[in-house]
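Chemist:
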Amino acid sequence: MNTKKIKAIAVDIDGTITDSDRRICISAIEAIRAAEKIGIPTIIVTGNIFFYATATATLIGTTGGIVAENGGVISEIDSEGIEKIKVLGNFQKTAKAFEYLNSEVKNKYKDYELKKVDDSESRLSEIAIYRTIDEEILKNILKESPEEFSVEIYDTQFAIHITDINVNKGSSLETVAKKSGFHVNEIMAIGDSENDIEFLKVCGLKVAVANADKILKETADYVCKNEYGDGVKEAIEKFILKGN
């Protein structure tokens, strides 16, 4: 795409602007702030809970809105600059799937245990569990179930997420972008894991940091030479700041 048409950045948190120890990279913060300063807002797109995403956005100083819980919760900035929060994912649906999975694992996979992550009480649209079991086992359990649960299962390398099949990072990013007055074709998206594909593929410029999953790199228009936040900095400098 013509990089002059980029009007916003959409960026993941874990493994993208944070390092392997989940520390936010100063290089990413500085680059995002530099882009904000010239009128290019950043939208935070993450599997994290909404409150963590909000805290991250506040710390960095982003103004483009938030897509949290893998698309299950969003915040939009309306024409008057007021933030509005919407829960798009069906929590009851994911909770029901978790209870079924938990029961099946206890009965058939006694070496494993499903345990919700520590921030579970703050999740509004999905269930997230610790990575104590292969996601494929969980997917197969649901496939073999006589009941249709209509959920997706993602392993983000930090947790396994059970989400509403009707929402994802991409569809929710489209909603936030439209409310902000620009099209996803005008967004540069930056991510690192397989579950970032949903939002990268709808954006005009797709970027993978150097530590990204192979499948995400294959989706990307540009693969950074640098990992984590240094990769974010590289992309912002190359495609946004260089010409301004």
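In this text, residue positions in the sequence shown follow the working numbering: the first is 8, and each later residue adds one.
Idealized CB from N, CA, C, for every residue including glycine.
#1: Work out the CA separation of V52 and V74 for me, nearest whole Å.
#2: For the putative contact between T23 and V216, defined by C-beta atoms under 8 Å, what is the C-beta separation to the nearest angstrom?
#3: Give a single yes or no on whether L180 has its beta carbon closer than 7 Å to a heavy atom of the ligand ZN.
#4: Starting from L207, follow the beta strand (DSSP E) in both directions and report where the run begins and ends.
#5: Nearest to S178 by CA position, among T61, K221, E241 and I81, is which residue?
#6: At a cut of 8 Å, does the segment 141-160 reach the segment 38-56 through at least three beta carbon pairs?
#7: For the beta strand (DSSP E) that contains Y161, what are its first and last residues?
#8: Taking only the alpha-carbon atoms, compute the straight-line gap between A196 and N173 and give it to the nearest angstrom.
#9: Could you compute how far the alpha carbon of G238 sits from the alpha carbon of A35?
#10: Using 8 Å as the cut-off, can you tell me whether the segment 200-214 makes contact with the segment 160-168, which would need three or more C-beta pairs spanning the two stretches below that distance?
#11: Return the CA-CA distance between T70 and N114, expressed in angstroms with no decimal places.
#12: Quick one: give me the first and last residue of the alpha helix (DSSP H) that A102 is part of.
#13: Based on Cα-Cα distance, which residue from L121, I136, Y119 and E120 lies nearest to S127?
Modeler: Concretely, from the data shown:
#1: As a position in the sequence shown, residue 74 is number 67, starting the count at 1. As a position in the sequence shown, residue 52 is number 45, starting the count at 1. In this model, V74 and V52 are separated by some 5 Å (Cα to Cα).
#2: The residue you call residue 23 lines up with position 16 of the sequence shown. The residue you call residue 216 lines up with position 209 of the sequence shown. Right, their Cβ atoms sit about 6 Å apart.
#3: Annotation note on the ligand ZN: not contained in the displayed structure, which lists no ligands.
#4: Stepping through the sequence shown from its first residue, residue 207 is reached at position 200. Where L207 is concerned, there is no enclosing beta strand (DSSP E), although the alpha helix (DSSP H) around it starts and stops at I204 to L207.
#5: Working through the sequence shown from its first residue, we reach residue 178 at position 171. Shortest Cα-Cα distance from S178 to any of T61, K221, E241 and I81 involves I81.
#6: As far as the Cβ criterion goes, the segment 141-160 does not touch the segment 38-56, which means the pair count is below three.
#7: Counting from 1 along the sequence shown, the entry for residue 161 is found at position 154. Here the beta strand (DSSP E) through Y161 covers V158 to D162.
#8: For the purposes of this step, residue 196 is taken as residue 189 along the sequence shown, with counting starting at 1. For the purposes of this step, residue 173 is taken as residue 166 along the sequence shown, with counting starting at 1. Cα to Cα, A196 sits roughly 21 Å from N173.
#9: The residue labelled residue 238 in the question sits at position 231 within the sequence shown. The residue labelled residue 35 in the question sits at position 28 within the sequence shown. Between the C-alpha atoms of G238 and A35 there is a straight-line separation of about 8 Å.
#10: With a cut-off of 8 Å, the segment 160-168 and the segment 200-214 count as touching, because enough Cβ pairs lie within range.
#11: Position 63 of the sequence shown holds residue 70. Position 107 of the sequence shown holds residue 114. In this structure, the CA atom of T70 is about 47 Å from the CA atom of N114.
#12: Here residue 102 corresponds to residue number 95 of the sequence shown, with the count starting at 1. F98 to K115 is the span of the alpha helix (DSSP H), which, as asked, contains A102.
#13: Here residue 127 refers to the residue found at position 120 of the sequence shown. The closest CA to that of S127, considering only L121, I136, Y119 and E120, is found on I136.
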